[in-house]
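Input: a single structure, listed below in structure tokens.
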Amino acid sequence: MQAGQIEAVVEASAKQQPSRRWLFIFLATFFIAQAAALTINYIVDPFQLFHFSGIYSTARDDQRTSYAGTIRTAPPFDAAVIGSSYVGNFNPDLIDRLFGVHTRVFSTFGASQKELSLTLAYLLARRPELKVVFLEASVWELCNTGIRLTWNFPEGLYRDDFGARLQYLTSGTTLATSGRKIGFLLGLGGSFSRDARMSHRWIDALRGNFNNPKYMTLILRRDAPKAKPNEPHILDVEADAKAVAACFEHWILPYVRAHPKTMFYVFNPPVIQQLLWYQESRGVVSAWARAEELIAEKFRAPNLKVFDFYADKEVVNDCTRFMDIAHFDEATGDRIVKFMHEGKFERTKQTDAAISALAKSDLTERHPCALEE
421 MQAGQIEAVV EASAKQQPSR RWLFIFLATF FIAQAAALTI NYIVDPFQLF
471 HFSGIYSTAR DDQRTSYAGT IRTAPPFDAA VIGSSYVGNF NPDLIDRLFG
521 VHTRVFSTFG ASQKELSLTL AYLLARRPEL KVVFLEASVW ELCNTGIRLT
571 WNFPEGLYRD DFGARLQYLT SGTTLATSGR KIGFLLGLGG SFSRDARMSH
621 RWIDALRGNF NNPKYMTLIL RRDAPKAKPN EPHILDVEAD AKAVAACFEH
671 WILPYVRAHP KTMFYVFNPP VIQQLLWYQE SRGVVSAWAR AEELIAEKFR
721 APNLKVFDFY ADKEVVNDCT RFMDIAHFDE ATGDRIVKFM HEGKFERTKQ
771 TDAAISALAK SDLTERHPCA LEE
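My numbering puts the first residue of the sequence shown at 421, with every later residue one more than the last.
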């Protein structure tokens, strides 16, 4: 190699040194930041995935992650309520008194049936000693087999996946939540509480939407209008009912069969009469009622009780119990728990016909809601 060529190589190498140095600095800074985030998130552990602190995030968006932590690390409990926001105001103390258990509520806002089943599967895998499970299974949601696109459901955490836990520890979102928890511990407020009920309870913040004529009028106008829908009547009620029953068999029955020592109370929560009338204009309520019959007939098990609260006309026909078409007040939640304890509205071979008749009754016309303006 000639002298000129050597000088050129040396000169090119010298020019590359600053670029390499900056790359090294960038990588070092990145890994230090990641290590710092991982350390902070592991110590603070805002969703209690590694250590149980008894401090719960009350932010609705955090429920899916925080419940994975509660299932993993909370002290022993032997009963659980699993459902969407409909069961958010269930009172665990009432369940404890009536059923002689210690209860946790896992109420995930906006949850699909798939998300509820993933939660149920993880709960039973981690807590096989559960005596009782109360599982919301709305017939209008049973075949909702996707993950809500507007939410992030951390499926990996519900499989104990190492990569998912590492992502949790290095996530900027987790770091921000750690910051909020540190603020709470320092007395600065924030969306955390030492009361586990605050992770699922919502009625305190939204109580103003109950007995609110302006709010209810807008809700009913949007979701249960006074005019009948334009969609054609469902001609094959039996086929539609079989499809819903098949979803029950897929999403719920395997867990019932795999855990014979756990008693499952599976219930269809009530909704407002104006919605049922609107849906029955297309024959949908008849299909739902038939689906409940098929579920009770085909999937009998000694550890399974199925309840249909569409038949509870005292609730369904009283719009003052609802915030909208399906979110009911805490007194109604207590009523559901008491009725399950007493066996009211349980679907059995003996009660099926009467409960279906009740569920489909009183829907020939739309009742006026006392709160409509």
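Backbone N, C-alpha and C define an ideal beta-carbon position, used for all residues, glycine too.
All figures in this text were calculated on a predicted structure; none of them were measured in a lab.
So who's on the other strand from residue i, going by DSSP bridges?
i    : result
S477 : F612
M683 : V552
K725 : Y685
F472 : Paired residue(s): none; F472 is not in a bridge.
E792 : Its beta-bridge partners do not exist; DSSP assigns none.
E379 : Beyond the ends of the chain as shown, which are 421 and 793, falls residue 379; an answer cannot be given.
F582 : Answer is none; F582 lacks a bridge partner.
F742 : F748
Write down the C-beta distance between residue i and residue j rounded to the nearest angstrom, noting that I regard them as a contact closer than 8 Å.
i    : j    : result
A661 : A707 : 5 Å
V657 : L783 : Incorrect: roughly 14 Å between the Cβ atoms, too far for contact.
E556 : F687 : 6 Å
S619 : Y476 : 4 Å
F519 : H761 : 7 Å
I715 : S598 : Actually they are not in contact, since the Cβ atoms of I715 and S598 sit about 44 Å apart, beyond 8 Å.
F529 : S505 : 4 Å
D732 : P680 : D732 to P680, Cβ: 29 Å. No contact.
S532 : N572 : Incorrect: roughly 13 Å between the Cβ atoms, too far for contact.
G503 : L536 : 7 Å
L469 : R585 : 7 Å
Starting from residue i and walking both ways along the beta strand (DSSP E), at which residues does that stretch end?
i    : result
S527 : T523 to S527
G503 : A499 to G503
Look at the alpha carbon of residue i and the alpha carbon of residue j, and state the distance between them as a whole number of angstroms.
i    : j    : result
L655 : S701 : 12 Å
V430 : L458 : Below a pLDDT of 50, predicted positions are generally treated as unreliable, and V430, at 43, falls in that range; no measurement from the model is reported.
A678 : V501 : 18 Å
E651 : D481 : 35 Å
H375 : W622 : No statement about residue 375 is possible, as the shown extent of the chain runs from 421 to 793 and does not include it.
E785 : Q693 : 10 Å
E575 : E793 : 44 Å
T740 : M636 : 9 Å
A434 : F604 : Because the pLDDT at A434 is just 49, under 50, the model does not fix this residue reliably, and the point stays unresolved.
R641 : S776 : 27 Å
D728 : V464 : 43 Å
E750 : A456 : 43 Å
A773 : D580 : 44 Å
L540 : N737 : 32 Å
D624 : A479 : 14 Å
R546 : Y487 : 12 Å
T630 : R484 : For the record, residue 630 in the displayed sequence is Phe; it is not Thr. F630 and R484: Cα-Cα distance of roughly 26 Å.
P633 : M743 : 10 Å
C667 : L608 : 46 Å
A428 : R440 : At A428, the pLDDT of 49 sits below 50, so the modelled position is not reliable; the number obtained from the coordinates is stated separately. So the two alpha carbons sit approximately 19 Å from each other.
L543 : I491 : 6 Å
W671 : F719 : 13 Å
A709 : A663 : 13 Å
T590 : T493 : 20 Å
P495 : T682 : 19 Å
V559 : G703 : 14 Å
A711 : A779 : 12 Å
E734 : G763 : 17 Å
E549 : L595 : 34 Å
K758 : R517 : 11 Å
D513 : F472 : 21 Å
Starting from residue i, trace the alpha helix (DSSP H) in both directions and tell me its first and last residue.
i    : result
V757 : E750 to E762
I623 : I623 to L626
E669 : V657 to W671
A596 : G592 to L605
V735 : K733 to V736
S532 : Premise fails: S532 is in no alpha helix (DSSP H) and is neither H nor E.
F519 : P512 to F519
E713 : V704 to K718
L696 : Q693 to E700
R642 : P633 to D643
D772 : D772 to K780
T490 : Q483 to T493
Say the cut is 6 Å; is the CB of residue i nearer than that to a heavy atom of the ligand NAD?
i    : result
G508 : Summarising the ligand content, the structure contains no ligands, and the ligand NAD is consequently not present.
At a Cβ threshold of 7 Å, is residue i touching chain B?
i    : result
L605 : No chain B appears in this structure, which consists of one protein chain only.
May I ask you to verify whether the segment 639 to 646 touches the segment 768 to 785, counting CB pairs closer than 8 Å and requiring at least 3?
no
State whether the segment 515 to 526 contacts the segment 594 to 613, with contact taken as three or more CB pairs (one from each stretch) at a distance under 8 Å.
no
Can we say the segment 753 to 761 touches the segment 496 to 512, given the rule of at least three CB pairs closer than 8 Å?
yes
Taking three-plus beta-carbon pairs below 8 Å as touching, is the segment 492 to 499 in contact with the segment 545 to 553?
yes
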